[in-house]
Each structure stands twice: as C-alpha cells, then as structure tokens.
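**Q**
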Amino acid sequence: MKTFTNLVFMLLTSSLYAAEAPVTAVKFVPNAERILVGSQSGLEVKSWPGIESVRRLESELLHIHDLAFSPDGDRVAVVGGTPAEEGTLEMFAWPSGKLLFRSSTNDDLIYAVDWSADSHQVATASLDWKVTVHNADSGETNVQIEGHSRPVTAVCFLSDGKTLVSSGIDQSVRVWELPSGNNIRAFNNHTQPVHDVALRPSSDPDVLPMIASVSRDRTARLWQPTIGRMVRFCKVSGSVPLAVDWTSSGDRIVVSCTDGQLRTIDPDTVEILQESPAIDGWAYCVAVHSGNQEAVVGGDRGQLARVVLLPKPEE
Amino acid sequence: MATCTIVMAAIVATGGEATPVDFDTQIIPIFTKAGCNVGSCHGAAIGRGGFKLSLYGGDPANDYQAIVRELEGRRINLARPEDSLLRAKPVGLLAHGGGIRIESDSDAEQRLLAWLRQGAPRIRQRQVVSLDVQPRRLVIQELGQEIPLEATARYDDGTEEVVTQWTVFTPNDPAAVSIDSTTAVARIERRGQNVVIARFVNHVVPLQLIVPLSDQSVASTTPSRNFIDEYVNEMLATLRIPVSPAADDAVFLRRLYLDLTGTLPSPEQVEEFLNNSDSHKREHLVDTLMETDEFVDYWTFQFAKLLRIRSQPQDTQGALTFHNWLRDQIRNGTGYNTMARQLVTATGDSHEFGPANFYRTVAGAREQAEYVSELFMGARLRCANCHNHPLDQWTQDDYHGFAAIFANIERGRVIKVGKRGEITHPRTGEAAIPRIPGERFLEASQNGRQEFVGWLTDGSNPFFARAIVNRLWKHLMGRGLVEPADDMRATNPATHPRLLDHLADDFVANGFQLRHTLRLIATSAAYGRSSRTVAANEGDDRFYSHALIRPLEPEVLADALAEVSGVSDQYGNMPEGTRAVTLFDPKIPSDALDILGRCSREESCEAPGGSGGGGLTQKLHMLNGELINRKTSAKAGRVTQLLESGKNNQEIIGELYLRSLGRHPDTREQDFWMAQLNEVSSESVRREVLEDIVWALLSCREFATNH
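Just so you know, the sequences run in chain order A and B.
Take 2 as the starting number for the first sequence in the working numbering and just add one per residue.
Take 145 as the starting number for the second sequence in the working numbering and just add one per residue.
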C-alpha cells in the first residue's frame, strides 16, 4: 500500500466563507462529464475535472444527504429534508433539471437513495428507522419497511429488483424481499453503526451479488446477501470509513474516511491498495468515475477533491 | 494552515461577530448549564434520542463530532444557521423530550447562533487553566442571607473572564442550600458546613458556605495537643459546636487497645493503667502498644484487607507468603512508599516472593488499574473506562493508558513481564498509550510500572500520602476526612482540607512511617474525647466534637468474644487459640466469622458493608444464637475458671466487667448483679446466673463497639 499525495487535486469549490456547508452527496452525471453536488446549500452541477460551478437545481430540501441517477439516465433522485420533521424525495428530470415531483413520506431525514435496475422504483433509507420503496414515476409509496431498530443509513437494490439491502445505526446490514418487505436476513457482524452499503457492479447474472459495507467500527466488510454470508473484512486503521463506492469493473472498493483520505481496497484480498489524502476533515461522500481512473470526494466545509485512482496491480 | 485560513475568513465574512466563538470554552458550557449533557439526558452512556454528548462536556472533541459531523451534519445547518436542529430543539421550536432548555433570545441562544454563523468551527483557541470562585469559604451568621457567587476562568493565553453565567453551581445537599441558576445567588437554608460544587468546562471547585450550628460561642479552652487539634478546634469554633470532655482513662485504654492492637486490655492492664498517675501515661501507652506483636498482627490484618490477600483456587501458599511478607513490613516499620514500590514493581514466584501476589489480586490490566488507583491514590478511575470521569479529572486516556502499564503482565503462580500486551482504547480502537494518570504519556521504551511508582511515591505526589493518612485517620477516628476513603476528588472535599494536607505533608516528612501518623492521631485531644455527647453536639458526625462510636470488626469481635468467654474458636486446621485477626486467608472455615460477617477480600473491604459486621443476622446471633450461648455455657469457659478460682461474687463481677468492658461496674450495676446472685439457692443456680451475666456483657452494645 502506498500513499499518493501527489495524485490529489484539492479544489475548493466555493469561496472560503465561514458557513460553507459540508458536501454530503456527490455523483457523476450519466455522461460522466460533470458532477452533481448536494449539500445544505442546495444542488449544484459542477464541471469535471475542473470542479467549477455550472448551474444550480432548485431544490427545497434544507438538508440533502444523497442523490442517484436513474440507470436509464433521464432522472435524478435527491433525498434529504428537515431534521426531526420530514424526509423528502425530490425527483428531477435530467439533464433539464426540471422538478418532476416532491414526495415527503417520512418523519425525519431521508438519508440515502438507490434505483432499481429497471428505473421504475427508488428505495430510500431514513432516520425515522424506515426503508421505503417509491414508485419512481409518481413518488408514491409502494412499500414501507419498519425493521431496523435505529436510523437507517443506506440502501441498495440488488440487480434482480426484488431484493433490497439496507444498513443502520443499529449495527446491522439487513436483506429485504420485495414487494412483501419481509426481512430475509440480518447480518450483525459490525460492532458499530454502519454508514454505507454499495453493490458490486456485475453484468454476469451467474455471479453472486456482493455488497460492501463500511462502519464506525473501522471496517469495510464484504457480503453475499443472497446466501447470507460475510465473505471477508478489512480493517481501516486510523480512521473511520464513511462512504463506499465500487469501480465500475468491480475490482476495487473505494471508501472515503473521517481523516479526509480516500482508500481503495482489493475486494479479493482485502488489501488496502491506495491511501490518498483528499480533503481536510470528514469526507462524507465519494463517487467513482465510470472510467475507473479517478474519483471525487466531498466533505467538510464544502470541500470537493479529485483523486486519481491507481490501477489494481497486476498479480 | 488551511483551517486557520478558513477561520480567519469566517470572522471577516460574518461581519458583526468580531470575536470567534470558542467551542470548548463557550459552547460546551451552554450545554452543561442547560443540563443537556447530564447523565439523565444526552450525557448518558448511550446518549438519548440518538444524540450522545460526553458527560458534563468532559470530551469536547467527541462532542464536536457528535454535534457538527455525525450523520453528515444533521444537527446543524451552516447554510441556514437559525434552522439548525441544535438550536431548534432546546429553544422549543421543535418538540424536544427534554423540554425547553434555552430561553429564546437569551445570551446562550445568541452565542449558539453566533457560533453557527461563524461556521461552527472548533479551533482550540484557549484552554481553561484555572477556575476561581468567590467566596471559596464563607462563614455567615444568619440563615437565608443571600450570597452572590462569582466565577472567573483563567485561560492559557493569559486572559481571564467572568463566567458566572455559564458556571453550574450544585449544592451537595439541595435542601440545605438553594441557588438561583440565573443569578448565581445562594441562600443557606440549613446550619452547618455546606458544600457547593462549581463546575465550568472541565474544572470543578468546591465552596464551603458555613452557618454556625449555634448562636452560642464555644469555650476557648478546648484542649490542643498537636496540630491536629488546631485544625479540628478551629472548625468546631467556627461552627460553634461544643466539645465533649476527654474520655476517662478506662474508656481511652479500651479504645486505644482496640484501635492499635485489635485486642481488649486484660484486667491487670486496666488496673495498672487506672492506677498510673503519670500525666503522660496515654502517650506512653501509645508508644508501648505500637511495639507489641499484637500491633503487628492487627495492622497486618488491616493492610491484608487493603491488599485483598486471599487464597487462590487450589493455592493457599501464595496468600501465606504474601501475608508473611506484609507482616515483616509492618513489624520492621518499612516505609509505606517502599512497600508500594515493592508491590507495584513485583515479579517472580508468588510462592516465594510475597509482593508478586499483588498481581494475582485482580484478573486483568483494567481491573489492576482500578485497584491500584483506589488503593494508592484513593481515586476511582473506573468511571473513566466508558467516559471521562464526570466528577473528577480522569479521562479515558488516563484509564486505558494506566491499564496499558499493566497490560504486559503475565499472571499465574509466577508473575512475569511479557513481551506483548496492549489495551484497546474504546474511543480510538487503537492500542492505548501507557500513561501515568493525570500526568503524562510514557514512551514505549520506558518501564511503565517503574515510572508510575516513581511518580506515585514522590513526596510531591498529590494522592499517595493523602490516601493513606485519610485511611489511618478513619481507622482511629471512625470517619475519614474524606468519605468514602477511596473516592478522593475535588467534588468530594475533605471536611478539614488543611488538616488532610498537613497530615500528608507530615507523613512524607517523616519517612512515610505508618506508626508516626498513628501516634500523632492517637495522642491528639480529638482522639481522646469522650463519645458521650453534650448539649448541641449530638448531631455532629464529622467534626470530632466527640468520639464516634464504631462497631467492632467481625474478626476483632470474634477474638473479644473468645477472650472474655475463655472459649476460643476453631479456624480451619489452624492451631487452637489462633486469633481471627491473624488469619492470612478469609476463606479459612470459621462458623464464628460466618455468623459475624467478614470481608471476603474479593472486592474492596471499604465499600459499605465490605468489612462485614453489624446487620440483623449478627445481632440476632448475639442475642440468642448458638455462638454466644455455647461460649457462655462451656464447661471449660470463663465462668468455670472463675468459680474454680474461689473468688467471691463481687470479685467475679468485677473481673468480668474489666475483661469485657475494660472498666469497673458502677454501683448500680454492681448492686443489680449482687442482688441476683444473693438469691441463688445452689451452686448450679449460681453458675446459671453468672452465665447470664457473661451473656449480658457479651450482648451489650458497649461490648460490641469501640467507644
């Protein structure tokens, strides 16, 4: 493992005024030429790799905690709300940025969102301990699942569209069956709240799905949710991982951490391949460019940083 | 550098907020003052409502993360600071389980908003180095008088600030002192020595607010024999508590024998002392008793309880070796500092080297840290296992760092220092760095135990001497200057702080000699007072206007019962006549001690009830149990001895009183018993009456207590 400070481009996106809100959501737009950034300051499209402001989307969310583009690329779901009051899903057409609907279905912030592979549903995780599946066209609630015993922090669909995986402050990773909302499994190996989960990209239907999760217990863990097994885990020494993403090839896990660093992990060996300082402070979100050669990290005080990803070493 | 840049920009950008708000010293106190971080709210170990703060703001770094960063900054909104959850809940804009904690438009709310508008930064601008609260000690004459309190914080940047508004004033007894939390004006509602704890950030200061217990001044002729009396008498005069007269010689003699040797004086020793006209006979007796084998036995027993000497499963040899070593130290007058050094640094075969058993007392490194701190520092670090100590200076770094000093000790029959061993710090998940608690971190190359004990036994150490002299004081005076004796902290101040300091300094100056301090206390006028109260000192339980009556420890009581009845108890396979206080192991079978109650030494014997004794079971047994009845009626017992001695009834009654109570019977007692004996019609009935007399003496409170 090496530390590559020279491969980081720290680009503070806004002026250094005091009340710069932390970046809490970031994704590459479908054509990967820009990024969409969410924070308490709103939604903003920024250039890539320049990270300069391009335009804003008119969100009414006081807090924004996650966003996700539909697999077909014509919409973007943005979630957040008002703490302790409401959790809201906003759906925008992409690339126009026109608001399609706004749906407040929860009593506390919606913290995470993910799309089904067919682009017909979005699932959300919220701090009122619920997992909700929405109709992506109308925002109506298809299923609302109450199974976590603490706030839910992340959610993702498996490619079958019938299985959901969520994680929570209750230290669990749970697997749900749709549309029944039945809890199939609960993984309790984490010893602290789980911050994020992400599905390994794969186009091979014969390959078992794999989920990566990261937790305050300073581990990243790999699961096979359909057979109920924790495959391996990696200890992130010296820092707490906050967010996780995969390279599109599925050969690396990319995590952002409380020490502002980005780390890449080999999912097969759980070796940390790369540790790169990204921002100063907590790095709440990370997204990997579809080209697998760079990532964007967002966090404290509105900071965004571009980090070059090193290729996985040849065996 | 980047951080500094941002903060400077923050100050400029917010215009009116010229002075950046300091999170540690200006925001944390808001939450403490509002009660947000108390144990019943977000300061609970698991927090409340998903929001956890450190208890009383003891860990600002973690509090900052919880407030600003957890859940991606859910609790604050830097784009719209006034919409922050952190403000909305305590002010009442949103439903809050804890209700309204901060008034709208109050200074607290304005400061909170200012900090949020500045970007909710945490740059450690300054640290509180001291807290001065006035009045620190105040004597007033009337109840109900208003006393304005003022707190001033001094910072490491040289500045100082009046922080009364942000200081929490907590009376130890809310029924005795009321304090307006807004104005910080105190009113004393009850006479006596009242303690108020002032808390600001991580500093606590105890205040003494005193109203004399009486309007009558006390006599200025209160005797003084050494510096102890000066402090005690000064406090009594301040509180206007009259003192009881000196105990008579018989009471003093019995008290001293029990306190120094754990034995009752024999009839001959009582008579000799009562007939001695030397004006310094009490001082001479103290010196004499401290040279006896009984003194060595008894103080070995006392320290065996402190050191929790007990056998291990299938292994009694270690305890025996440990006990023998301890007895040698007591007999030889080894300095307490030397004893501590030998114990803390011990390694080797516990069957051959007594101090090695010190590391067989508790199970692991954390327990060892707790035990060592309670034993040698009189401090309870255990709270700091889970969070910084709410009432003391101890942090989690102290606790786990101190435990790390003992982490590499391999425990078994042979105590060894292993090559590995670490303690995981629960907050960081990393190995804790060895640390002398409250003092400094240690380098990996340093010998932790050597460094610790060097610091511990240094004459300037603020804990070591105070902890032991407080225990010695408690033993002789019936109450520690600090209670509980293993809970010394700023928020639990001594009744006589300067006396405790002076005793500790004197102990150090005299080579850490236990006998020296025992002699000092035992020869004070305060020690020699009668336990009989006089008008207006009946309620005194801590200022030593009269002696405190104490129950005899189970082992001492067992020995006293055996001595007076003439019937010894059997302790396991120990030789007949073995005294209970000489037992090296509390697990040695004994019906008598099981009845009377004894400390198992598995845990501290200083805990309430830890030393055993007292309790309903013991009292019922003393009144009508097999233990007493068997002894009084034993054919080879005291009654038989006295009957066979040819003594008349009056002589027998006299000897029984001398032997059990250390005094002659008074006329009323004498007449009563003689009347009973004069009515007997046969020797068998006479014996029964004498057995009743013995039973009555053994069952009475005067016998079962040291008074």
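Note that the Cβ used here is the ideal one computed from N, Cα and C, for glycine as well.
Suppose you measure from the CA of A:Asp-218 to the CA of A:Ile-170; what does that come to, to the nearest Å?
**A** Taking the straight line from one Cα to the other gives about 11 Å.
**Q** Which residues of chain A have a Cβ atom closer than 9 Å to the Cβ of B:Glu-496, listed in chain order?
**A** Here the premise fails: no neighbours, minimum Cβ distance about 43 Å.
**Q** Which two residues bound the contiguous alpha helix (DSSP H) that contains B:Trp-839?
**A** Residues 827 to 843.
**Q** Using the DSSP secondary-structure output, state which residues sit across from A:Asp-197 in a beta bridge.
**A** DSSP output for A:Asp-197 lists A:Val-215 as bridge partner(s).
**Q** With distances taken from CA atoms, which of A:Val-156, A:Ser-139, A:Gly-140 is nearest A:Glu-178?
**A** If we check each option's Cα against that of A:Glu-178, A:Val-156 comes out closest.
**Q** Using a Cβ distance threshold of 8 Å, determine whether the segment 377 to 389 of chain B contacts the segment 657 to 668 of chain B, with at least three qualifying pairs required.
**A** Touching, no, given that fewer than three Cβ pairs across the two stretches are closer than 8 Å.
**Q** Determine the closest residue to A:Leu-200 out of A:Leu-37, A:Val-80, A:Met-211, with distance taken between C-alpha atoms.
**A** Here the closest residue by C-alpha is A:Met-211.
**Q** Taking one C-beta from the segment 252 to 261 of chain B and one from the segment 315 to 334 of chain B each time, how about it: are there three or more such pairs within less than 8 Å?
**A** Result no; under three Cβ-Cβ pairs closer than 8 Å.
**Q** Consult DSSP for B:Gly-603 and reduce its assignment to one of helix, strand or coil.
**A** In this structure, B:Gly-603 counts as coil in the three-state DSSP scheme.
**Q** Using the rule of at least 16 other Cβ atoms within 10 Å of the residue's Cβ for burial, across every protein chain shown, is A:Thr-125 buried or exposed?
**A** Per the 10 Å Cβ criterion, buried.
**Q** In angstroms with no decimal places, state the Cα-to-Cα distance between A:Met-11 and A:Leu-68.
**A** Low local confidence applies: a pLDDT of 46 at A:Met-11 is under 50, so the model's placement there is unreliable, and no value is given.
**Q** With a threshold of 7 Å on Cβ separation, who are the neighbours of B:Tyr-515 within its own chain once the five nearest residues in sequence on each side are excluded?
**A** Result list for B:Tyr-515: Thr-505, Val-506, in chain order.
**Q** Does DSSP classify A:Glu-178 as helix, strand or coil?
**A** Note: A:Glu-178 maps to strand in three-state DSSP.
**Q** Using the beta-carbon count (16 or more within 10 Å), is B:Phe-651 buried or exposed?
**A** Per the 10 Å Cβ criterion, buried.
**Q** Spell out the partners DSSP gives B:Pro-730 in its beta bridges.
**A** In DSSP, B:Pro-730 forms no bridge with anything.
**Q** Is the CB of B:Gly-573 under 8 Å away from at least one CB in chain A?
**A** True, the Cβ-Cβ gap to chain A drops below 8 Å.
**Q** Looking at the structure shown, is A:Arg-57 part of a helix, part of a strand, or coil, going by DSSP?
**A** Strand at A:Arg-57.
**Q** Using a Cβ-Cβ distance under 8 Å, would A:Ser-173 count as near chain B?
**A** Chain B, which has no Cβ nearer than 8 Å to the Cβ of A:Ser-173, makes this no.
**Q** Would you kindly work out how many angstroms separate the C-alpha atoms of B:Lys-177 and B:Val-312, rounded to a whole number?
**A** Answer to the nearest angstrom: the Cα atoms are 6 Å apart.
**Q** Which residue's Cα is closest to the Cα of B:Asn-99: B:Asn-529, B:Met-434, B:Pro-315?
**A** Given that chain B is displayed from residue 145 to residue 851, the structure contains no residue 99 of chain B and the question cannot be resolved.
**Q** Give every residue of the same chain whose Cβ lies closer than 7 Å to the Cβ of A:Val-24, excluding the five residues on either side of it in the sequence, and list them in chain order.
**A** If we look at A:Val-24 and ignore the five residues flanking it on each side, its Cβ neighbours are Val-38, Ser-40, Tyr-285, Cys-286, Gly-299, Gly-300, Gly-303, Gln-304, Leu-305.
**Q** Using the rule of at least 16 other Cβ atoms within 10 Å of the residue's Cβ for burial, across every protein chain shown, is B:Gln-458 buried or exposed?
**A** Result: exposed.
**Q** According to DSSP, which residues form a beta bridge with A:Arg-164?
**A** According to the sequence provided, residue 164 of chain A is Thr. The question's Arg does not apply to it. Its beta-bridge partners are A:Glu-178.
**Q** When DSSP labels each residue in this structure, what does B:Trp-259 get in the three-state scheme?
**A** Looking at B:Trp-259 - three-state DSSP - the assignment turns out to be helix.
**Q** Just to confirm, is the Cβ distance from B:Asn-850 to B:Arg-723 under 8 Å?
**A** No, Cβ-Cβ distance for B:Asn-850 and B:Arg-723 is not below 8 Å.
**Q** Show which residues of chain B have a CB atom less than 7 Å away from the CB atom of A:His-66.
**A** What A:His-66 touches in chain B: Glu-216.
**Q** Whole angstroms is fine: what's the gap from A:Ser-173's alpha carbon to A:Leu-62's?
**A** Rounded to whole angstroms, A:Ser-173 to A:Leu-62 spans 28 Å at the Cα level.
**Q** What number of angstroms, rounded off, separates the C-alpha of B:Gly-806 from the C-alpha of B:Asp-393?
**A** Each residue's alpha carbon lies about 10 Å from the other.
**Q** Could you name the residues of chain A that B:Ala-223 contacts, counting a contact when the two beta carbons are closer than 7 Å?
**A** Within 7 Å Cβ-Cβ: Ala-20, Ala-22, Gln-41, Ser-42.
**Q** Is the beta carbon of B:Phe-687 less than 8 Å from the beta carbon of B:Thr-639?
**A** Closer than 8 Å, so yes.
**Q** Cα separation between A:Leu-310 and A:Leu-274?
**A** Taking the straight line joining both Cα atoms gives about 10 Å.
**Q** Pairs of beta-carbons, one from the segment 834 to 850 of chain B and one from the segment 444 to 461 of chain B, closer than 8 Å: are there three or more?
**A** Touching, no.
**Q** Would you kindly work out how many angstroms separate the C-alpha atoms of A:Lys-99 and B:Asp-168, rounded to a whole number?
**A** Going by the C-alpha atoms only, they are around 44 Å apart.
**Q** Residue range of the alpha helix (DSSP H) that B:Phe-371 falls in?
**A** 371 to 383 is the span of the alpha helix (DSSP H), which, as asked, contains B:Phe-371.
**Q** So which residues on chain A does B:Asp-227 lean against when the C-beta distance must stay under 7 Å?
**A** Within chain A, the residues near B:Asp-227 are Leu-63.
**Q** In chain order, what residues of the same chain lie with their CB nearer than 8 Å to the CB of B:Phe-847, ignoring the 5 residues before and after it?
**A** Excluding residues within five positions, the ones whose Cβ falls inside 8 Å are Ala-704, Val-708, Ser-804, Leu-805, Leu-841.
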